[in-house]
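*Asks:* Dropping a structure here in structure tokens format, bear with me for questions.
Number of protein chains: 6
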Amino acid sequence: MKISARNCIKGTIKSITKGPIMAEIVLDIGNGVQITSVITAHATENLGLKEGKEAYAVVKSSEVMIAVD
Amino acid sequence: MKISARNCIKGTIKSITKGPIMAEIVLDIGNGVQITSVITAHATENLGLKEGKEAYAVVKSSEVMIAVD
Amino acid sequence: MKISARNCIKGTIKSITKGPIMAEIVLDIGNGVQITSVITAHATENLGLKEGKEAYAVVKSSEVMIAVD
Amino acid sequence: MKISARNCIKGTIKSITKGPIMAEIVLDIGNGVQITSVITAHATENLGLKEGKEAYAVVKSSEVMIAVD
Amino acid sequence: MKISARNCIKGTIKSITKGPIMAEIVLDIGNGVQITSVITAHATENLGLKEGKEAYAVVKSSEVMIAVD
Amino acid sequence: MKISARNCIKGTIKSITKGPIMAEIVLDIGNGVQITSVITAHATENLGLKEGKEAYAVVKSSEVMIAVD
Numbered sequence: 001m002k003i004s005a006r007n008c009i010k011g012t013i014k015s016i017t018k019g020p021i022m023a024e025i026v027l028d029i030g031n032g033v034q035i036t037s038v039i040t041a042h043a044t045e046n047l048g049l050k051e052g053k054e055a056y057a058v059v060k061s062s063e064v065m066i067a068v069d
Numbered sequence: 001m002k003i004s005a006r007n008c009i010k011g012t013i014k015s016i017t018k019g020p021i022m023a024e025i026v027l028d029i030g031n032g033v034q035i036t037s038v039i040t041a042h043a044t045e046n047l048g049l050k051e052g053k054e055a056y057a058v059v060k061s062s063e064v065m066i067a068v069d
Numbered sequence: 001m002k003i004s005a006r007n008c009i010k011g012t013i014k015s016i017t018k019g020p021i022m023a024e025i026v027l028d029i030g031n032g033v034q035i036t037s038v039i040t041a042h043a044t045e046n047l048g049l050k051e052g053k054e055a056y057a058v059v060k061s062s063e064v065m066i067a068v069d
Numbered sequence: 001m002k003i004s005a006r007n008c009i010k011g012t013i014k015s016i017t018k019g020p021i022m023a024e025i026v027l028d029i030g031n032g033v034q035i036t037s038v039i040t041a042h043a044t045e046n047l048g049l050k051e052g053k054e055a056y057a058v059v060k061s062s063e064v065m066i067a068v069d
Numbered sequence: 001m002k003i004s005a006r007n008c009i010k011g012t013i014k015s016i017t018k019g020p021i022m023a024e025i026v027l028d029i030g031n032g033v034q035i036t037s038v039i040t041a042h043a044t045e046n047l048g049l050k051e052g053k054e055a056y057a058v059v060k061s062s063e064v065m066i067a068v069d
Numbered sequence: 001m002k003i004s005a006r007n008c009i010k011g012t013i014k015s016i017t018k019g020p021i022m023a024e025i026v027l028d029i030g031n032g033v034q035i036t037s038v039i040t041a042h043a044t045e046n047l048g049l050k051e052g053k054e055a056y057a058v059v060k061s062s063e064v065m066i067a068v069d
């Protein structure tokens, strides 16, 4: 499946913290950079996410803000 | 200012394409990875964004999806 | 690719309206129901979207609100 | 109240799963299609949501992505 | 219609700037505070928005970030 | 840090309700108006949020819908 979201960044799952409804996933994308995602706990199970597994952070470009110092 | 958004990734502005209302910004975050953002054209001016300038991609964690092959 | 977004609804592209930065896509998902999406004009080209083509509307569940009469 | 969100899809509430902060709502919109929403637990109470009740899935068009096989 | 979005703030439309796909709306909510919204140009027409007209800024709580100095 | 989000509204933290993954923050922005935010529980700790403390509600303009009576 190809998706319109312009950001699809490969990484390795560093941690998964599951609550009753939501789950927090931290992805290591290399260069000392991590990306934190919050998805539903069900989605975590549907995708069979496990620490150490390869995964992608997917973000629609209209959800990305820009900041400067 | 410190913000609750959990993702704040440093990069260099590679391109800015401005339309009447929105603007597309491509940020090079190293390792051959780019992040595309869509913000308002006004915001681009407010921040004084220019190609080659350092900037951060800021994303709320609840906007980040996870995908697997 | 399998994605954490919990909503992936099949339909047929009814119309594509492209601007300099964004594009509005209307998808017919049957039963007289349409879904309107706004993605970047580049994404429309990347996916080779055309009227009459099959496509999916993909929505992260945390972006879906509920309303009642 | 009329809202700018372009997607307002009628359905029946199939399930409500409440956590301390968030709640997952599954809406049956017919044709074998379901829409999953995550809203706050408070909102679930404010709207008096109950299984079997009629409700709408409301989504801003800029939150809808498009995917193709 | 009652909606799950927890933020519904009344104001007066100060300006409407329309592009081919999107439109930028600035709402004066009193106390010298303005809220800027970006919706589709079609939505602006559907709602009959005009400068000086009363309107509400509606925001899902999961889209609101918190910042501190 | 200056951010592209066009809405940055000052207020006082009225309540913080923390769950295992997410937290609900209610901000009083004066004039009897409150803004509700949902951020991660970690972000609440990172920012040292406390009731009575000054904070800003930050919202990307593309996340703000408009409604009319």
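Chain order of the listed sequences is U, Y, D, R, A and V. The numbering of the first sequence is UniProt numbering, which starts it at 1 and goes up by one. The numbering of the second sequence is UniProt numbering, which starts it at 1 and goes up by one. The numbering of the third sequence is UniProt numbering, which starts it at 1 and goes up by one. The numbering of the fourth sequence is UniProt numbering, which starts it at 1 and goes up by one. The numbering of the fifth sequence is UniProt numbering, which starts it at 1 and goes up by one. The numbering of the sixth sequence is UniProt numbering, which starts it at 1 and goes up by one. Think of the CB as a built atom: it goes at the ideal place given N, C-alpha and C, for glycine as much as any other residue.
Can you round the beta-carbon distance between residue 67/A and residue 58/V to whole angstroms, since I take them to be within the 8 Å contact cut?
*Replies:* Contact flag correct, Cβ pair sits at about 5 Å.
*Asks:* Is residue 57/A helix, strand or coil by DSSP?
*Replies:* The answer is strand: DSSP assigns residue 57/A an E or B state.
*Asks:* Could you list which residues in chain U have their beta carbon closer than 9 Å to that of residue 61/R, in chain order?
*Replies:* Result: empty, since nearest Cβ-Cβ is about 10 Å, beyond 9 Å.
*Asks:* Can you list, in chain order, the stretches of the alpha helix (DSSP H) that have 4 or more residues and sit fully within the UniProt domain "Mop" (2-68) of chain V?
*Replies:* Complete alpha helix (DSSP H) runs here, min 4: 41-46.
*Asks:* Let me confirm a value: residue 63/U is counted as buried when at least 16 other C-beta atoms fall within 10 Å, else exposed. Which label applies?
*Replies:* So residue 63/U counts as buried.
*Asks:* Am I right that residue 77/V and residue 24/U are in contact with their C-beta atoms under 8 Å? What's the rounded C-beta distance?
*Replies:* No statement about residue 77/V is possible, as the shown extent of chain V runs from 1 to 69 and does not include it.
*Asks:* Output, in chain order, the set of chain U residues within a Cβ distance shorter than 7 Å of residue 23/R.
*Replies:* The contacting residues are 21.
*Asks:* Could you tell me if the beta carbon of residue 23/V falls within a distance shorter than 8 Å of some heavy atom in the ligand PLP?
*Replies:* Of ligands this structure carries none, so the ligand PLP is not represented either.
*Asks:* Considering Cα atoms alone, identify which of 27/Y, 6/Y, 17/Y is closest to residue 27/U.
*Replies:* The candidate whose alpha carbon is nearest that of residue 27/U is 6/Y.
*Asks:* Beta carbon of residue 54/R, beta carbon of residue 15/R: below 9 Å?
*Replies:* Taking 9 Å as the Cβ cut-off, residue 54/R and residue 15/R do not qualify as a contacting pair.
*Asks:* Among 36/Y, 47/Y, 42/Y, 10/Y, which residue has its Cα nearest to the Cα of residue 31/U?
*Replies:* Ranking the options by Cα distance to residue 31/U, first place goes to 10/Y.
*Asks:* Taking only beta-carbon atoms, is residue 3/U less than 9 Å away from chain D?
*Replies:* It does: the Cβ of residue 3/U has a partner Cβ on chain D nearer than 9 Å.
*Asks:* Going by C-alpha distance, which of 56/D, 18/D, 60/D, 42/D is nearest residue 34/D?
*Replies:* It is 56/D.
*Asks:* When the distance is taken between beta carbons, is residue 18/R closer than 9 Å to residue 21/U?
*Replies:* Against a cut-off of 9 Å, the Cβ pair of residue 18/R and residue 21/U comes out as a contact.
*Asks:* Compile a chain-ordered list of the residues in the stretch 31-49 of chain U whose CB is closer than 7 Å to at least one CB of chain Y.
*Replies:* Those residues of the stretch 31-49 of chain U that come within reach of chain Y (Cβ to Cβ, closer than 7 Å) are 31, 33, 35, 36, 37, 38, 39, 47, 49.
*Asks:* Anything in chain D within Cβ reach of residue 17/Y, meaning under 8 Å, just list it in chain order.
*Replies:* The answer, in chain order, is 20, 21.
*Asks:* What distance in whole Å lies between the Cβ atoms of residue 2/V and residue 49/Y, which are believed to be in contact at a cut-off of 8 Å?
*Replies:* Actually they are not in contact, since the Cβ atoms of residue 49/Y and residue 2/V sit about 10 Å apart, beyond 8 Å.
*Asks:* Excluding five sequence neighbours on each side, which residues of the same chain lie with their C-beta closer than 6 Å to the C-beta of residue 29/U?
*Replies:* Here the set comprises 9, 11, 35.
*Asks:* Given this structure, state the Cα-to-Cα distance separating residue 4/U from residue 65/R, to the nearest angstrom.
*Replies:* Near 6 Å, if we compare the C-alpha coordinates of residue 65/R and residue 4/U.
*Asks:* How many Å lie between residue 43/A and residue 13/R at the Cα?
*Replies:* Whole-angstrom Cα-Cα distance: 27 Å.
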